[in-house]
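Below you'll find the structure, written out as structure tokens, and then a few comments.
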Amino acid sequence: MSKRVFFYTHLITMKGSMKYSKLYGKTSKGELGGSQFTSHQLLTRGGFIQESTAGRYYFLPLGWRVHQKIREIIKQEMDAIGAQEMITPTLHPLELWEETNRTNSVGFELMKIQDGRGSWFALGGTAEEMFVDSVRTLHLSYKDLPFNIYQFSNKFRDEKRARGGLLRVREFIMKDAYSFDRDETAFVDTYAQMADVYTRIFKRLGLNTLKVEADGGYIGGDYCHEYQVESPIGEGRFFVSEDGLYVAHEDVAKFKLAPMNADETVEKLKEVDAVRGNTMEDGVAFHHLPLWKQMKDFMVVNERNELILAVIRGDLDVNETKLKKVTGSYQLRHATEEEIRSIGSEPGFISPVGLHGKVKIVGDTSLRTVINFYGGANAKHRDALNINIDRDFSCDIEADIAMCQDGCIAENGSVLHEKRGIEVGNIFQLGYHYTSKMKGATFVDVDGKEKPYYMGCYGIGLGRTMAAIVEKYADARGIMWPKTVAPFAVHLIDIQSSERGQEVHNMLQKEGIEVLWDDRDERAGAKFADADLIGIPVRLVVSVKTGEKIEYKERTSGEAQLLTVEEVVRKLKE
RNA sequence: CGGGGUGUAGCGCAGUUGGUAGCGCGCGUCGUUCGGGACGACGAGGUCGAGAGUUCGAGUCUCUUCACCCCGACCA
77 MSKRVFFYTH LITMKGSMKY SKLYGKTSKG ELGGSQFTSH QLLTRGGFIQ
127 ESTAGRYYFL PLGWRVHQKI REIIKQEMDA IGAQEMITPT LHPLELWEET
177 NRTNSVGFEL MKIQDGRGSW FALGGTAEEM FVDSVRTLHL SYKDLPFNIY
227 QFSNKFRDEK RARGGLLRVR EFIMKDAYSF DRDETAFVDT YAQMADVYTR
277 IFKRLGLNTL KVEADGGYIG GDYCHEYQVE SPIGEGRFFV SEDGLYVAHE
327 DVAKFKLAPM NADETVEKLK EVDAVRGNTM EDGVAFHHLP LWKQMKDFMV
377 VNERNELILA VIRGDLDVNE TKLKKVTGSY QLRHATEEEI RSIGSEPGFI
427 SPVGLHGKVK IVGDTSLRTV INFYGGANAK HRDALNINID RDFSCDIEAD
477 IAMCQDGCIA ENGSVLHEKR GIEVGNIFQL GYHYTSKMKG ATFVDVDGKE
527 KPYYMGCYGI GLGRTMAAIV EKYADARGIM WPKTVAPFAV HLIDIQSSER
577 GQEVHNMLQK EGIEVLWDDR DERAGAKFAD ADLIGIPVRL VVSVKTGEKI
627 EYKERTSGEA QLLTVEEVVR KLKE
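As numbered in this note's numbering, residues 77 to 650 make up the first sequence, in order.
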């Protein structure tokens with residue numbers, strides 16, 4: 077790959093000023109029913125997007141301009157590190173997905189479609205197979221490595237539930253990039269570079285993102301990060317340490333466990349009658365002992381119909397993703413009462429004691445922080461006291477399966493705080509996962525041997541990013557677009573619709589400034605309200621009051637100033 | 001896929017014991033207004049989500065079905 081230097085201008089400018097009277101898409105005054113999300117409300121009311129069916133949206137000209145600017149910024153940053161844009165077909169031959177066994181293992185719902193000749197295709201939700209298929213037919217050598225190829229394309233995911241306007245949809249445009257390296261060492265550099273690129277991209281888009289350690293799903297891998305925009309309406313839950321050094325998704329968040337009662341002497345195991353209800357609280361009330369001293373038992377069944385008993389300290393919860401990971405499961409469901417009884421236990425009174433061999437016992441590391449647990453005794457209204465790991469039971473797997481909680485202590489001693497965020501991008505180590513499953517996905521190394529590529533993938537959802545920006549940049553009146561993604565640079569209002577508006581418009585256009593010119597025969601109030609709603613960063617007003625000058629006001633500021641045209645142009649080009 | 005809810009004009013909604021459909025916004029024409037979503041007059045716009053049933057008669061009652069919204073399990 078050549079070492080070209082890429083240049084870019086800071087702001088993306090598009091051709092075209094626009095008369096508001098001719099703009100397709102209208103603002104609307106009233107609240108929309110249903111969705112309570114700021115971004116959904118404002119983007120719809122502002123005439124940026126329009127719903128088609130649940131989770132599928134029209135992008136109207138105003139919204140598409142924003143989308144295009146986001147796209148261009150991403151493209152500039154990707155190209156700047158030598159990544160190359162291409163495009164794959166929308167319909168992916170289903171055989172490719174079968175080759176990697178992803179027709180049933182993908183996390184999202186795969187959409188399938190049949191052509192007129194009866195061939196099956198997947199409507200791509202991601203495109204690893206397609207890119208690998210393209211790469212393998214080229215028979216490359218180590219001299220061609222590393223490289224990074226990407227596309228912007230429609231992704232289809234048959235989500236069970238779309239939500240929050242553009243925040244979670246069934247069809248969206250994603251930038252997905254795929255890196256091909258010689259080995260893991262080379263990949264680590266690529267990964268670090270992509271992490272930097274992502275931070276730069278989101279920064280230019282006006283978003284402060286947190287790089288959050290995340291779960292690699294069924295592929296695993298050490299390198300997996302989500303880029304989260306902190307927001308109370310976000311679906312992602314993660315933890316940030318007070319010193320800022322540790323940021324991790326709840327599915328991977330590690331925390332320190334202090335011994336609860338290290339100085340207590342180990343007592344003899346004994347069974348007692350316990351006529352109580354089935355909940356943890358019932359246990360606490362019956363025995364008058366603290367919740368943390370109770371043993372929590374949680375029986376689930378995975379997709380292979382394997383019974384799994386998760387055991388954890390009473391004051392903690394099991395994180396299902398962690399549990400899936402340590403047991404190698406894709407899917408978990410609660411065990412039925414019959415299933416619990418089938419191995420000789422009893423709902424509400426489950427205990428690992430005596431169940432070894434009958435069920436796969438997964439013990440959380442917290443079991444070693446308590447001496448003399450109490451809990452069920454695998455029989456109705458029977459409890460056991462002084463249960464101790466190793467002496468009374470052992471685990472098939474002992475691992476961290478606990479859900480982190482606000483206030484937990486990170487391994488470095490810093491306090492962890494719970495946050496919510498909108499996941500706008502992710503970067504992910506694929507390793508040899510695809511290149512080992514797909515035949516011939518190899519390059520010729522320096523020693524003349526065929527070796528599989530070491531891959532990574534990197535995604536950004538454009539519509540969701542747009543929604544995240546609106547969530548961050550809005551007030552009661554409407555949107556306040558960052559300059560970098562605003563649909564136009566200025567919103568020109570001519571109150572009396574005089575010649576002056578046309579004049580100013582022409583001058584700005586000549587300077588290459590994108591203008592949305594509200595030329596409608598509307599009252600001033602209506603024009604101002606629409607300008608605030610649409611959220612273009614600078615509003616210019618001409619009227620009999622301003623005379624030869626122009627009123628300049630930034631959307632984010634309450635104050636306006638009277639400037640000459642030259643001063644306005646200078647300010648806009650700052 | 002489980003739980004809850006809603007479908008009536010472009011949008012937001014009302015519609016009583018079953019009696020033949022209305023309000024606000026928006027839209028069109030005309031007039032008066034004109035720097036923070038003006039006002040008046042006139043007007044257009046509906047097989048009441050769809051299908052079946054009960055009834056002399058269904059927006060309203062019953063069943064079926066579809067769509068959408070909200071809460072959970074998954075993801076950019």
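In this text, a Cβ means the ideal position worked out from N, Cα and C, and glycines have one as well. On a predicted model such as this, the values are computed, not experimentally measured, just so you know.
Run of the beta strand (DSSP E) containing residue 493, from where it starts to where it stops: Element bounds for residue 493: 492-507.
Nearest-angstrom beta carbon gap, residue 529 and residue 43 [assumed within contact, 8 Å]: Nothing about residue 43 can be read from this structure; the chain reaches only from 77 to 650.
Give the range of the beta strand (DSSP E) segment to which residue 379 is assigned. Element bounds for residue 379: n/a, residue is neither H nor E.
For the candidate residues 251, 393, 486, whose alpha-carbon lies nearest to that of residue 201? With distances taken between Cα atoms, residue 201 lies closest to 251.
In the DSSP assignment, find the beta strand (DSSP E) that holds residue 169 and state where it starts and stops. Counting along the chain, the unbroken beta strand (DSSP E) around residue 169 starts and ends at 167-169.
Which same chain residues, not among the five before or five after residue 217, have their C-beta less than 7 Å away from its C-beta? Within the same chain, 519, 520 come within 7 Å of residue 217 by CB-CB distance, once the 5 residues on both sides are set aside.
Boundaries (first-last residue) of the alpha helix (DSSP H) holding residue 582: It spans 575-586 - the alpha helix (DSSP H) in which residue 582 sits, taken as one unbroken run.
Rounded to whole angstroms, what's the CA-CA distance from residue 155 to residue 496? Just pull it up for me. Rounded to whole angstroms, residue 155 to residue 496 spans 31 Å at the Cα level.
For residue 288, which of 259, 330, 409 has the nearest alpha-carbon? For residue 288, the nearest C-alpha among the options comes from 330.
If you follow the beta strand (DSSP E) that residue 481 is part of, which residue opens it and which one closes it? Segment: none, residue 481 is in no beta strand (DSSP E) and carries neither H nor E.
DSSP three-state label for residue 260, please. Three-state result, residue 260: helix.
Can you find the residues in the same chain that come closer than 7 Å, C-beta to C-beta, to residue 382, ignoring five residues on each side of it along the sequence? By the criterion of a C-beta distance shorter than 7 Å, residue 382 is surrounded in its chain by 436, once the five residues flanking it on both sides are discounted.
Cβ contact check for the region 612-631 and the region 565-584: 3 or more pairs under 8 Å: Result yes; three or more Cβ-Cβ pairs closer than 8 Å.
In whole angstroms, give me the CA-to-CA distance for residue 514 and residue 219. Rounded to the nearest angstrom, the gap between the Cα atoms of residue 514 and residue 219 is 22 Å.
Restricting to runs no shorter than 3 residues, where is the beta strand (DSSP E) found entirely within the region 269-317? Counting only runs of 3 or more, we get 286-289, 300-306, 312-317.
Is residue 140 helix, strand or coil by DSSP? When secondary structure is reduced to three states using DSSP, residue 140 falls in the helix class.
Going by beta-carbon coordinates alone, are residue 273 and residue 153 separated by less than 9 Å? In this structure, residue 273 sits near residue 153, with a CB-CB distance shorter than 9 Å.
Check whether the Cβ atoms of residue 460 and residue 347 lie closer than 9 Å to each other. Against a cut-off of 9 Å, the Cβ pair of residue 347 and residue 460 comes out as a contact.
Residue span of the beta strand (DSSP E) that contains residue 452, given as start and end: Looking at the DSSP string, the run of the beta strand (DSSP E) that includes residue 452 is 449-455.
Please classify residue 522 as buried or exposed, where buried requires at least 16 neighbouring CB atoms within 10 angstroms. Residue 522 comes out exposed.
Do the CB positions of residue 426 and residue 385 come within less than 9 Å of each other? Yes.
Identify whether residue 363 lies in helix, strand or coil by the three-state DSSP scheme. In the three-state reduction of the DSSP assignment, residue 363 falls in the helix class, which pools H, G and I.
If I follow the unbroken alpha helix (DSSP H) through residue 602, where does it start and stop? Element bounds for residue 602: 600-610.
Under 9 Å, do residue 327 and residue 398 count as touching if we go by C-beta distance? In this structure, residue 398 lies closer than 9 Å to residue 327 by Cβ.
Host beta strand (DSSP E) of residue 418 (start-end): Note, residue 418: premise wrong, no beta strand (DSSP E); alpha helix (DSSP H) at 413-418.
Spatial distance of residue 165 from residue 100 (CA atoms): Rounded to whole angstroms, the separation of the alpha carbons of residue 100 and residue 165 is 30 Å.
Taking its Cβ as the centre, do 16 or more other Cβ atoms sit within 10 Å of residue 312, making it buried, or is it exposed? By the C-beta density criterion, residue 312 is buried, having at least 16 other C-beta atoms within 10 angstroms.
Same chain, Cβ closer than 7 Å to residue 634, neighbours up to 5 away in sequence not counted: Closer than 7 Å at the Cβ level, and outside the excluded window around residue 634, lies no residue.
Given 8 Å, three or more beta-carbon pairs between the region 352-367 and the region 531-551: The region 352-367 is not in contact with the region 531-551.
Could you tell me which whole alpha helix (DSSP H) segments of length 4 or greater appear in the region 529-567? Whole alpha helix (DSSP H) segments, 4+ residues: 538-548.
Determine the DSSP secondary structure at residue 154, reduced to helix, strand or coil. Secondary structure of residue 154 (DSSP, three-state): helix.
Nearest CA to the CA of residue 171: which residue from 94, 196, 189, 192? Ranking 94, 196, 189, 192 by Cα distance to residue 171 puts 196 first.
Identify, in the order they occur along the chain, each residue of the same chain with its Cβ nearer than 8 Å to the Cβ of residue 464, setting aside the five sequence neighbours on each side. Result list for residue 464: 342, 345, 447, 448, 449, in chain order.
In terms of alpha-carbon separation, which member of 187, 157, 564, 479 lies closest to residue 612? With distances taken between Cα atoms, residue 612 lies closest to 564.
Verify whether the separation of the beta carbon atoms of residue 102 and residue 123 is less than 9 Å. Against a cut-off of 9 Å, the Cβ pair of residue 123 and residue 102 comes out as a contact.
Which same chain residues, not among the five before or five after residue 84, have their C-beta less than 6 Å away from its C-beta? Annotation note: pLDDT 49 at residue 84 (below 50); position unreliable, coordinate value reported separately. Non-local beta-carbon contacts of residue 84 in its own chain, meaning distances under 6 Å to residues more than five positions away in sequence, involve 152 in chain order.
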